[in-house]
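Trainee:
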Amino acid sequence: MSKILLRRYLLFCVSLFVNALGIAFITKAALGTSPITSVTYVLSMFTPFTIGQWTIMLNLLFVIVEPFLMTRKDLKSDLRMYLLQIPISFCFGMFIDLCMHCILYWLNPAEYLHMIVALLIGCVILAVGIALEVKANAAMMAGEYFVKVITKRFHGEFGYVKLGFDVTLVAIACLLSLIFMSGIYGVREGTVVAALIVGPIVHFVSPYYNFLDKWITDPSLRQDIALQQNQHTIITIAREYGSGGHLLGEMLSKELGIKLYP
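Those letters in the sequence shown? Residues 6 to 267, per our numbering, in order.
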């Protein structure tokens, strides 16, 4: 394994922990949880398993289903990314439980204002982690990879498929809560707030990670980038809200060494 790839994996591991910490903050705010963990949080409320354990089980379910939506060629060409989902799922679930029960054990806000503050802090932390995950560009969590597989299988737009996926998870969480607890629990205004503000915060903080480019980019590639910069290359991306165009632009900016102007 090259030094550059190892550094990318290290950054990805850090981003996993930061994401877990953000989710724990949002959940401990007691105003709901993030859409991606809504199902696992609700399941943890009426079963003996924790949110982290349910996260592992749900992500492994995604891993099991994905090959049925992929062609043999796609699975073979992306086998490394596919298999990495398994250890990532275990790590992410354990990080969530670690943050919930060991690091943030003291966080139990009673007043609504304190709940809002904890929620907003969690959203910022989660956005910082997601931006770092994108910057690392080394692997994908199971939920995101599942969306990617669906997008390719049905020729959709990643942003819209991700939105539909999140809405589906929240709907399933509400349904489970109604069936097993006779009411809506675990999905509240905090879930909506997290869904609305995490994305814009990711876009805001992403440029501040540009200082990592030299550390995670091969020197030979940086030389090619320098040559490309001297050619005054300009790439324009037309996009709609939620389409993921900004993230694509950031990835191209990093790989080609072109300045990004959002």
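Where a beta carbon is used, it is the ideal one built from N, C-alpha and C, also for glycine.
Measuring alpha carbon to alpha carbon, tell me which of Leu74, Ser7 and Ala132 ends up nearest Tyr213.
Mentor: Along the sequence shown, one-based indexing puts residue 213 at 208. Taking the Cα of Tyr213 as reference, the smallest distance to any Cα among Leu74, Ser7 and Ala132 is reached at Ala132.
Trainee: Alpha carbon to alpha carbon, how far is Met105 from Trp59? Give it in angstroms, no decimals.
Mentor: Here residue 59 corresponds to residue number 54 of the sequence shown, with the count starting at 1. Here residue 105 corresponds to residue number 100 of the sequence shown, with the count starting at 1. Cα-Cα distance, rounded: 14 Å.
Trainee: Let me make sure I understand the geometry here. Which of Ile91, Pro53, Leu124 and Leu118 has the alpha-carbon closest to that of Glu71?
Mentor: On the sequence shown, position 66 is the one that residue 71 refers to. In this structure, Ile91 is the residue among Ile91, Pro53, Leu124 and Leu118 with its C-alpha nearest to the C-alpha of Glu71.
Trainee: Leaving aside the five residues before and after Gly148 along the sequence, list all residues of the same chain whose C-beta is less than 6 Å from its C-beta, in chain order.
Mentor: Working through the sequence shown from its first residue, we reach residue 148 at position 143. Taken in chain order, the residues that qualify are Ile41.
Trainee: Can you give the Cα-Cα distance for Lys33 and Gly127, rounded to whole angstroms?
Mentor: Residue numbering aside, residue 33 sits at position 28 when the sequence shown is read from its first letter. Residue numbering aside, residue 127 sits at position 122 when the sequence shown is read from its first letter. Computed Cα separation, rounded: 9 Å.
Trainee: Would you kindly report the start and end of the unbroken alpha helix (DSSP H) that includes Phe54?
Mentor: Position 49 of the sequence shown, counted from the start, is the residue given in the question as residue 54. Counting along the chain, Phe54 falls outside any alpha helix (DSSP H), and DSSP gives it neither H nor E.
Trainee: Any idea what DSSP makes of His160, helix, strand or coil?
Mentor: Position 155 of the sequence shown holds residue 160. Three-state result, His160: coil.
Trainee: Is it buried or exposed, Gln234, if we count other Cβ atoms within 10 angstroms and call 16 or more buried?
Mentor: In the sequence shown, counting from the first residue as 1, residue 234 sits at position 229. Confidence at Gln234 is low in this model, with a pLDDT of 49, below 50, so its placement is unreliable and the value that follows should be read with caution. Gln234 should be labelled exposed.
Trainee: Which two residues bound the contiguous alpha helix (DSSP H) that contains Glu255?
Mentor: For the purposes of this step, residue 255 is taken as residue 250 along the sequence shown, with counting starting at 1. Here the alpha helix (DSSP H) through Glu255 covers Gly250 to Leu261.
Trainee: Can you tell me whether Pro72 sits near the ligand MG, meaning its C-beta is under 7 Å from at least one heavy atom of the ligand?
Mentor: This structure does not include the ligand MG; it has no bound ligands of any sort.
Trainee: Applying the 10 Å Cβ sphere with the 16-neighbour rule, what's the burial state of Ile184?
Mentor: If you number the sequence shown from 1, residue 184 lands on position 179. With fewer than 16 other Cβ atoms within 10 Å, it is exposed.
Trainee: Quick one: complete alpha helix (DSSP H) runs, 4+ long, within the segment 26-102?
Mentor: Those alpha helix (DSSP H) runs which fall completely within the segment 26-102 and span 4+ residues are 43-51, 56-74 and 77-82.
Trainee: Measuring CB atoms only, is the segment 88-102 touching the segment 43-63, in the sense that at least three cross pairs come out at less than 8 Å?
Mentor: yes
Trainee: Buried or exposed for Leu252, please, with buried defined as at least 16 other CB atoms from any protein chain shown within 10 angstroms of its CB.
Mentor: Here residue 252 refers to the residue found at position 247 of the sequence shown. The residue in question, Leu252, is buried, as its Cβ has 16 or more Cβ neighbours within 10 Å.
Trainee: Drop a sphere of 10 angstroms on the beta-carbon of Arg13, count the other beta-carbons inside from all chains shown, and report buried for 16 or more, exposed for fewer.
Mentor: The residue you call residue 13 lines up with position 8 of the sequence shown. Label assigned to Arg13: buried.
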